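Engineer: Numbering (this note's numbering), first residue to last: 4 to 214.
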């Protein structure tokens, strides 16, 4: 049976459309694999405790799924990444507020009597968005590397992993894999090309939607 290339190399728009189908378990698995680590890492960097992160991540994923199925997310009004950022950031702020409800004796205060936890909500939206964008790049890289590993030969990807990711000397990698040093460089570029192509393809339609 011939494999549909879109199943292994989707655009974000196509994936979001597929997730609306509750019977499409593969789409949901891909959606969860990409967005769950993104949300969890963002929440942690926003100061949400590890205890709360898992529950909050699952809640955000379910809210996202319900919004997609019910048509509450309108693609014409902005990209899904920006919409999801708003949901995740609001969830982080709510988590902080809940933690601040205990008695005054339990609050963290400076010598001047100012509640230091308030600083968590005082930071600008721009700073929070930078954190989100950075975590998005990490999520895209992880998924793109998974795709590259699937389509490239084991030796090509292994050479890339050892030299480009693990930062091991090219001579050492070449010796271990039984290839020339020039091949290591060629394989590295081949893997990087596959990674960049995946990211560009996945994000293409969202970028077109931006004003």
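All C-beta atoms, glycine included, are put in the ideal place defined by N, C-alpha and C.
Here the structure is a predicted model, which is why all the values come from computation and not from measurement.
Could you pull out every residue in the same chain whose Cβ sits closer than 7 Å to the Cβ of residue 34, ignoring the five residues on either side in sequence?
Structural biologist: Closer than 7 Å at the Cβ level, and outside the excluded window around residue 34, lie 18 and 22.
Engineer: Quick one: what's got a C-beta closer than 6 Å to residue 92's C-beta in the same chain, skipping five residues either side?
Structural biologist: Excluding residues within five positions, the ones whose Cβ falls inside 6 Å are 131.
Engineer: In angstroms, rounded to a whole number, what distance separates the CA positions of residue 70 and residue 78?
Structural biologist: Each residue's Cα considered, the two are about 11 Å apart.
Engineer: For residue 200, collect the residues of the same chain with a Cβ closer than 6 Å to its Cβ; drop the 5 residues on either side in sequence, then sort them by chain order.
Structural biologist: Hits under 6 Å: none found.
Engineer: Identify the continuous alpha helix (DSSP H) that holds residue 167 and give its terminal residues.
Structural biologist: Unbroken run through residue 167: none, as it is neither H nor E.
Engineer: Short check: CB of residue 198 to CB of residue 147, under 9 Å?
Structural biologist: Yes.
Engineer: Mapping DSSP to helix, strand and coil, what is residue 181?
Structural biologist: Coil, per DSSP.
Engineer: Report yes if the C-beta distance between residue 38 and residue 142 is below 9 Å; otherwise report no.
Structural biologist: Yes, they are a contact pair.
Engineer: Counting only the same chain and skipping the five closest in sequence on each side, list residues whose C-beta sits under 8 Å from that of residue 47.
Structural biologist: Taken in chain order, the residues that qualify are 53 and 56.
Engineer: Is residue 76 helix, strand or coil by DSSP?
Structural biologist: Correct three-state label for residue 76: coil.
Engineer: Would you kindly work out how many angstroms separate the C-alpha atoms of residue 98 and residue 49, rounded to a whole number?
Structural biologist: Using only the alpha carbons, I get a separation of about 10 Å.
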